[in-house]
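Asker:
2 protein chains.
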Amino acid sequence: MSLIVQKFGGTSVADTERLRNVARIITDAYKAGNQVVAVLSAQGDTTDDLIEKAREINPEASSREMDMLLSTGEQISVSLCAMAIEAMGYPVISLTGWQSGVITNTVSGNARIKKVDTERIEAELNQKKIVIVTGFQGVDRNHDITTLGRGGSDTSAVALAAVLGADLCQIYTDVEGVYTADPRKVTGARKLDEVTYNEMLELATLGAQVLHNRSVELARKYNVKMEVLSSFTGHPGTKVKGVAKRMERSYISSVAKDKDIARIALIGVPNEIGTSFKVFSLLARNQVNVDIILQGIGHEEGKDICFTVAEKDLKKASELLIEQKEELRYSRLETNCDVAKVSVVGAGMINNPGVAATLFEALYDAGININMISTSEIKISVLVDKKDADQAVQAIHDRFFGM
Amino acid sequence: MSLIVQKFGGTSVADTERLRNVARIITDAYKAGNQVVAVLSAQGDTTDDLIEKAREINPEASSREMDMLLSTGEQISVSLCAMAIEAMGYPVISLTGWQSGVITNTVSGNARIKKVDTERIEAELNQKKIVIVTGFQGVDRNHDITTLGRGGSDTSAVALAAVLGADLCQIYTDVEGVYTADPRKVTGARKLDEVTYNEMLELATLGAQVLHNRSVELARKYNVKMEVLSSFTGHPGTKVKGVAKRMERSYISSVAKDKDIARIALIGVPNEIGTSFKVFSLLARNQVNVDIILQGIGHEEGKDICFTVAEKDLKKASELLIEQKEELRYSRLETNCDVAKVSVVGAGMINNPGVAATLFEALYDAGININMISTSEIKISVLVDKKDADQAVQAIHDRFFGM
Chain A
2 MSLIVQKFGG
12 TSVADTERLR
22 NVARIITDAY
32 KAGNQVVAVL
42 SAQGDTTDDL
52 IEKAREINPE
62 ASSREMDMLL
72 STGEQISVSL
82 CAMAIEAMGY
92 PVISLTGWQS
102 GVITNTVSGN
112 ARIKKVDTER
122 IEAELNQKKI
132 VIVTGFQGVD
142 RNHDITTLGR
152 GGSDTSAVAL
162 AAVLGADLCQ
172 IYTDVEGVYT
182 ADPRKVTGAR
192 KLDEVTYNEM
202 LELATLGAQV
212 LHNRSVELAR
222 KYNVKMEVLS
232 SFTGHPGTKV
242 KGVAKRMERS
252 YISSVAKDKD
262 IARIALIGVP
272 NEIGTSFKVF
282 SLLARNQVNV
292 DIILQGIGHE
302 EGKDICFTVA
312 EKDLKKASEL
322 LIEQKEELRY
332 SRLETNCDVA
342 KVSVVGAGMI
352 NNPGVAATLF
362 EALYDAGINI
372 NMISTSEIKI
382 SVLVDKKDAD
392 QAVQAIHDRF
402 FGM
Chain B
2 MSLIVQKFGG
12 TSVADTERLR
22 NVARIITDAY
32 KAGNQVVAVL
42 SAQGDTTDDL
52 IEKAREINPE
62 ASSREMDMLL
72 STGEQISVSL
82 CAMAIEAMGY
92 PVISLTGWQS
102 GVITNTVSGN
112 ARIKKVDTER
122 IEAELNQKKI
132 VIVTGFQGVD
142 RNHDITTLGR
152 GGSDTSAVAL
162 AAVLGADLCQ
172 IYTDVEGVYT
182 ADPRKVTGAR
192 KLDEVTYNEM
202 LELATLGAQV
212 LHNRSVELAR
222 KYNVKMEVLS
232 SFTGHPGTKV
242 KGVAKRMERS
252 YISSVAKDKD
262 IARIALIGVP
272 NEIGTSFKVF
282 SLLARNQVNV
292 DIILQGIGHE
302 EGKDICFTVA
312 EKDLKKASEL
322 LIEQKEELRY
332 SRLETNCDVA
342 KVSVVGAGMI
352 NNPGVAATLF
362 EALYDAGINI
372 NMISTSEIKI
382 SVLVDKKDAD
392 QAVQAIHDRF
402 FGM
């Protein structure tokens with residue numbers, strides 16, 4: 002007998018028919034002899050509707066009261082889902098965050114799970130019940146309801162899987178799993194059977210929002226085996242684990258792009274110690290995240306500092322840098338929104354330095370110019386012109402995954 | 002400084018504008034130097050909508066899961082109300098049933114409050130906060146959410162007023178208070194400044210659903226001063242208390258009618274000990290409530306037993322009695338739906354036997370026939386033909402309250 006934690010997102014529980022479908026998936030796992038804990042998000046647009054209601058009354062409502070409001074969304078989902086399972090004749094109970102012992106810190110709206118008192122859940126499992134738990138929420142030491150912020154329900158599921166020692170944490174969503182590239186955009190994109198935690202983390206930062214980073218980090222920390230799969234098709238999905246099986250010829254798992262970035266260049270910065278520090282600490286203090294950084298070695302007349310930021314942060318970053326021009330003593334600021342980042346991710350590339358060369362060759366053959374390059378142990382990102390991004394992804398994908 | 006508990010029903014908090022209005026009423030009381038605890042129902046049709054959602058999924062959902070679902074309605078109300086008060090710049094916090102320490106028995110769907118742990122509410126009041134509490138709900142010893150059934154929010158408010166030692170429990174609703182008769186139907190009907198708990202209880206059983214009996218019984222038991230008033234007009238309402246001031250000439254407080262009743266007559270029941278017992282225990286076992294009972298002293302050939310039931314129970318009652326005809330040995334069953342009950346209620350009538358005579362005289366003068374009569378210490382009810390009911394109420398009201 003295995004213990005399985007299943008998580009269902011908002012689209013999977015959006016209406017009565019879908020809730021019944023989720024109830025079938027849950028009871029199928031139960032009938033197969035497993036203990037099942039299901040973690041549910043709020044139905045469809047419920048959370049957005051509640052946020053809209055709150056805005057109407059008070060656009061600056063406290064996060065404490067927002068959490069009080071938003072946490073009702075999952076409570077509705079879990080009770081309705083339990084009713085659907087009752088109708089099928091299986092023993093079931095729904096639990097809120099506080100009932101299931103999810104204790105968080107006191108940061109309303111973006112709380113972190115501190116511990117999970119599993120007593121109640123285990124008691125219900127021992128009574129052979131299916132347990133349906135609200136995702137996204139917990140309770141702090143003051144007995145105030147808290148929510149976990151973005152990706153909260155995934156995090157709830159992984160946390161429960163970790164403390165309960167679950168054999169598998171299945172994340173049911175509206176996609177079939179993790180792909181070698183975006184299947185809507187890239188010809189020949191294939192679903193991966195397995196990816197590593199680290200690959201998943203790199204992919205998430207590239208905008209492939211299949212799983213939220215917090216949940217993957219937690220899964221990696223506690224070695225929780227995850228599976229991403231569709232609640233609609235019932236096909237096997239993609240397993241996320243410490244070591245992933247991969248076809249021999251492919252050292253990378255996926256190609257992705259991010260178009261919502263902008264490049265900033267500071268030309269003619271004094272070639273002194275501490276100039277980079279000044280630039281990047283200024284931006285960090287003002288919550289501007291910097292991605293790829295490229296800095297030449299410089300010469301007597303000065304050096305150039307190039308970096309990318311999210312497109313939405315470009316205006317703010319430019320203003321900050323212009324304000325501090327005298328302090329930073331650069332001669333010219335250049336910005337460029339017509340860029341995109343294309344990345345390949347793969348745990349296999351650590352031991353295969355040829356990956357970068359293959360990538361550069363693919364782009365060269367396609368006649369695509371590379372602006373900047375950044376590498377980590379399992380990721381290579383290149384900056385290309387925005388107009389070339391889709392072609393770049395296809396070219397790279399063809400080279401690595403082509404038949 | 003006084004402590005005031007205010008309760009607002011579903012229509013009072015139905016939308017953003019009304020919630021803002023409620024926030025103003027609450028903060029006005031706070032600004033006047035009072036400690037304020039407000040108890041809120043779910044918004045408008047929220048509860049009905051949730052029940053409909055549940056029915057769609059499982060018409061026979063367990064009451065445990067129904068409570069889980071329905072309790073979200075008040076949680077939404079209180080958080081939105083707290084946000085409205087935050088927007089006005091006052092310190093406020095919303096609390097669910099379990100957060101505010103409302104402990105109930107384990108009867109889901111119709112729970113009774115066993116105790117209230119006031120620690121949290123008092124701590125928030127001591128921090129000068131306005132406290133907004135969900136009505137209608139609590140938590141049982143298993144940490145399951147329970148709801149209190151019909152009239153639950155009134156009951157929550159009175160229970161909190163009792164344990165907190167509140168100086169006043171205001172029940173805000175969509176009517177101005179308790180009237181001498183239904184103001185939409187009876188010319189000259191006036192709002193009463195005060196009524197006694199007992200009068201209020203008799204009025205509630207007559208279908209004047211201003212306050213639910215449970216809350217009034219609780220208020221009487223713990224001597225909680227109540228006031229029924231409108232959340233829309235801001236006028237003073239009707240106080241409900243142990244002893245009510247009343248104009249000298251009027252021994253009664255109110256005239257009311259109930260048209261949804263039916264009369265059943267068992268003709269020719271054997272004149273033996275135990276026959277009434279058999280009839281009424283049969284009905285009680287089958288959840289049929291009997292109201293007025295009239296039984297002649299009987300003679301050798303047998304006796305007649307007349308009584309009234311709610312119109313909706315007539316079919317069930319008749320079937321039960323027909324099934325048991327051999328056992329009960331009556332000769333004929335007669336039923337009549339064309340009847341209505343008209344009642345006068347007044348604590349003053351205990352010491353004024355003339356009230357009954359005045360009532361009978363008023364009906365005689367109006368040419369209205371009386372079918373049956375039933376009296377309690379503070380109520381006289383007569384059964385009249387349904388077609389005469391409105392005229393009977395007006396005639397009685399004119400006689401007791403006419404100028």
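Chains as they are written, first to last, in our numbering: chain A, 2 to 404; chain B, 2 to 404.
Every residue gets a Cβ at the ideal spot worked out from N, C-alpha and C, and that includes glycine.
Just so it is clear, the structure is predicted and the values come from calculations on it, not from any experiment.
#1: With a Cβ-Cβ cutoff of 7 Å, do residue 308(A) and residue 289(A) count as a contact?
#2: Which class does residue 22(B) belong to by DSSP, given the choice of helix, strand or coil?
#3: Return the residues of the region 80–94 of chain A that lie within a Cβ-Cβ distance of less than 7 Å from chain B, sorted by chain order.
#4: Is the separation between the beta-carbon of residue 95(B) and that of residue 83(B) shorter than 7 Å?
#5: Beta carbon of residue 240(B), beta carbon of residue 341(B): below 7 Å?
#6: Of the choices 88(B), 32(B), 59(B), whose alpha-carbon is the least far from that of residue 17(B)?
#7: Residue 323(B) touches chain A at which residues, Cβ-Cβ below 7 Å?
#8: Is it true that the CB of residue 336(A) sits closer than 7 Å to the CB of residue 265(A)?
#9: At the 7 Å Cβ level, is residue 263(A) part of the contact set with chain B, yes or no?
#10: Closest to residue 287(A) by C-alpha separation, out of 306(A), 305(A), 316(A), 262(A), would be which residue?
#11: What does residue 77(B) reach in chain A if we use C-beta pairs closer than 7 Å?
#12: Please classify residue 120(A) as buried or exposed, where buried requires at least 16 neighbouring CB atoms within 10 angstroms.
#13: Which whole runs of the alpha helix (DSSP H) in the region 37–115 of chain A are 4 residues long or more, in chain order?
#14: Starting from the beta carbon of residue 100(A), find every residue of chain D whose beta carbon is closer than 7 Å, and list them in chain order.
#15: Return yes when the C-beta of residue 320(B) is under 6 Å from any heavy atom of the ligand GTP, and no when it is not.
#16: Restricting to Cα atoms, I'd like to know which of 164(B), 136(B), 125(B) is closest to residue 172(B).
#17: Take residue 333(A) and list the residues in its own chain whose beta-carbon comes closer than 7 Å to its own, dropping the five residues that flank it on each side.
#18: Taking a cut of 9 Å between CB atoms, which residues from the region 53–65 of chain A lie near chain B?
#19: Should the region 50–60 of chain A be regarded as contacting the region 151–161 of chain A, the criterion being three or more beta carbon pairs within less than 8 Å?
#20: Going by the CB atoms, is the gap between residue 51(A) and residue 81(A) shorter than 7 Å?
#21: Quick one: list the residues of chain A neighbouring residue 17(B), beta-carbon separation under 9 Å, in chain order.
#22: Given a threshold of 16 other Cβ atoms within 10 Å of its Cβ, counted over all protein chains shown, does residue 5(B) qualify as buried or as exposed?
#23: Tell me whether the beta-carbon of residue 394(B) lies closer than 7 Å to the beta-carbon of residue 190(B).
#24: For a quick check, are the C-beta atoms of residue 174(A) and residue 11(A) less than 7 Å apart?
#25: Straight-line CA distance for residue 249(B) to residue 285(B)?
#26: Secondary structure at residue 127(A), three-state DSSP: helix, strand or coil?
#27: From what residue to what residue does the beta strand (DSSP E) around residue 336(B) run?
#28: Bridge partners for residue 308(B) per DSSP, in chain order?
#29: May I ask you to report which of helix, strand or coil DSSP gives residue 260(B)?
#30: Count the C-beta pairs between the region 372–387 of chain A and the region 345–356 of chain A that are closer than 8 Å, then say yes if the count reaches three, no if not.
#31: Using DSSP with H/G/I as helix, E/B as strand and the rest coil, what is residue 171(A)?
#32: Using a Cβ cut-off of 8 Å, pull out every chain B residue sitting near residue 20(A), in sequence order please.
#33: In the DSSP assignment, find the unbroken beta strand (DSSP E) run with residue 9(A) in it and report its ends.
#34: Determine, using beta carbons only, whether residue 20(A) and residue 79(A) come nearer to each other than 7 Å.
#35: Could you tell me whether the region 216–229 of chain A touches the region 27–42 of chain B, using the rule of 3 or more Cβ pairs below 8 Å?
Answerer: With the given structure in hand:
#1: No; because the gap between Cβ atoms is not below 7 Å, this pair is not in contact.
#2: In this structure, residue 22(B) counts as helix in the three-state DSSP scheme.
#3: Under the 7 Å Cβ criterion, the region 80–94 of chain A contributes 80, 81, 83, 84, 85, 87, 88.
#4: Cβ atoms of residue 95(B) and residue 83(B): closer than 7 Å.
#5: The Cβ atoms of residue 240(B) and residue 341(B) do not sit closer than 7 Å to each other.
#6: Taking only the C-alpha atoms, the option nearest residue 17(B) is 88(B).
#7: By Cβ distance, chain A contributes nothing, its closest Cβ being about 36 Å from residue 323(B), past 7 Å.
#8: The answer is yes: Cβ separation under 7 Å.
#9: No, no contact with chain B.
#10: Nearest to residue 287(A) by C-alpha distance, out of 306(A), 305(A), 316(A), 262(A), is 316(A).
#11: In chain order: 70, 73.
#12: Classification of residue 120(A): exposed, given that the 10 Å Cβ count is below 16.
#13: List check, alpha helix (DSSP H) in window: 47–58, 64–88.
#14: The structure shown contains no chain D; its protein chains are A and B.
#15: With respect to the ligand GTP, the structure shown offers nothing to examine, as it has no ligands at all.
#16: Closest in alpha carbon position to residue 172(B), among 164(B), 136(B), 125(B), is 136(B).
#17: For residue 333(A), where only same-chain residues beyond five positions count, the Cβ hits under 7 Å are 268, 269.
#18: Those would be 54, 55, 57, 58, 59, 60, 61, 62, 63, 65, in chain order.
#19: In short, these stretches do not touch, since the Cβ pair count stays below three.
#20: Going by C-beta atoms, residue 81(A) is not nearer than 7 Å to residue 51(A).
#21: Residues of chain A with a Cβ closer than 9 Å to the Cβ of residue 17(B) are, in chain order, 54, 57, 58.
#22: So residue 5(B) counts as buried.
#23: For residue 394(B) and residue 190(B), no; Cβs fall outside 7 Å.
#24: Their beta carbons are not under 7 Å apart, which means residue 174(A) does not touch residue 11(A) by this criterion.
#25: Low confidence applies here, because residue 249(B) scores a pLDDT of 48, under 50, leaving its location unreliable and the question unanswered by this model.
#26: In the structure shown, residue 127(A) sits in a helix (DSSP, three-state: H, G or I).
#27: Where residue 336(B) is concerned, the enclosing beta strand (DSSP E) stretches over 333–346.
#28: DSSP lists 265(B), 294(B) as the beta-bridge partner residues of residue 308(B).
#29: Strand at residue 260(B).
#30: As far as the Cβ criterion goes, the region 372–387 of chain A touches the region 345–356 of chain A, which means the pair count is three or higher.
#31: Residue state, collapsed to three classes: strand.
#32: Near residue 20(A) (Cβ distances below 8 Å), the residues of chain B are 58.
#33: Unbroken beta strand (DSSP E) run through residue 9(A): 4–9.
#34: Contact check for residue 20(A) against residue 79(A) fails: the beta carbons are separated by 7 Å or more.
#35: By the Cβ criterion, the region 216–229 of chain A is not in contact with the region 27–42 of chain B, since fewer than three pairs of Cβ atoms, one from each stretch, lie closer than 8 Å.
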